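Numbering (the working numbering), first residue to last: 92 to 316.
The beta carbon of each residue, even a glycine, is placed where N, CA and C say it ideally should be.
Just so you know, these numbers come straight off a predicted model, no measurement behind them.
Report on the following structure.
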């Protein structure tokens, strides 16, 4: 049993589609494929199931390779898109690549088809992994920010006098109870007061460590970007 491959063939010629399918099967793939040759049929095929790769002719009576590519892009689907054509010049091929096609092949040189599919499947997997890592990082950063916000609200709403210090001893937050006790705003504390001479030393140590842990986590996330 070969590697499963779901290939959407955008092709008006049934014979050419059969040839593409035969080459992919000979290349070791356990192929599932459909042939579509209009925008409506392609959209319906995309709705019915997921696909691993799209292989499209460039010019068809009722459709085109670039129009098929645009449909894929409108759906936000990051799938390998290969153009296979019997009539395509170098300038046209370059324009197709700039539009977002991943490769183009001539119908009389289909020996490149299987290697091209293999390469683009690998690169698509890399893109998916990168996107997943970026999304996880975004969620982690957002969770860290929410945690920091909750921490600040907890300090601010506490009936106890609380002063939050950074690891280097600078005051980054004082709550209402602290301001009432000492009669100063945060800016005055930062400008005028020696941090080691104010507040409960044990409380300073605990809050400073909490601040440091959040700062380290944020720096680690930024460094991994």
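Sequence-distant residues of its chain with Cβ nearer than 8 Å to residue 184 (five each side left out): 174 and 195
C-alpha gap between residue 96 and residue 169, whole angstroms: 16 Å
Cα-Cα separation, residue 242 to residue 226: 24 Å
Beta carbon of residue 202 nearer than 8 Å to that of residue 142: no
Straight-line Cα distance separating residue 110 from residue 123: 14 Å
Close beta carbons around residue 94, own chain, < 7 Å, minus the five adjacent residues each side: 119, 120 and 121
Same chain only: Cβ atoms within 7 Å of residue 157, ignoring 5 sequence neighbours per side: 187 and 190
The segment 101-115 / the segment 143-152 touching (three or more Cβ pairs under 8 Å): yes
Those residues which DSSP pairs with residue 154 across a bridge: 151
Residue from 162, 278 and 251 whose Cα sits closest to the Cα of residue 133: 162
DSSP three-state assignment for residue 272, whether helix, strand or coil: helix
Reference residue 181, options 166, 197 and 167, closest by Cα: 197
Inter-residue spacing [alpha-carbon to alpha-carbon] between residue 288 and residue 271: Note that residue 288 has pLDDT 47, beneath the 50 cutoff, so the model's placement of it is unreliable and the number below is only indicative. Roughly 18 Å between the two C-alpha positions.
Proximity below 8 Å, CB of residue 253 to CB of residue 269: yes
Endpoints, beta strand (DSSP E) assigned at residue 262: 262-265
Per DSSP, cross-strand counterpart(s) of residue 196: 175
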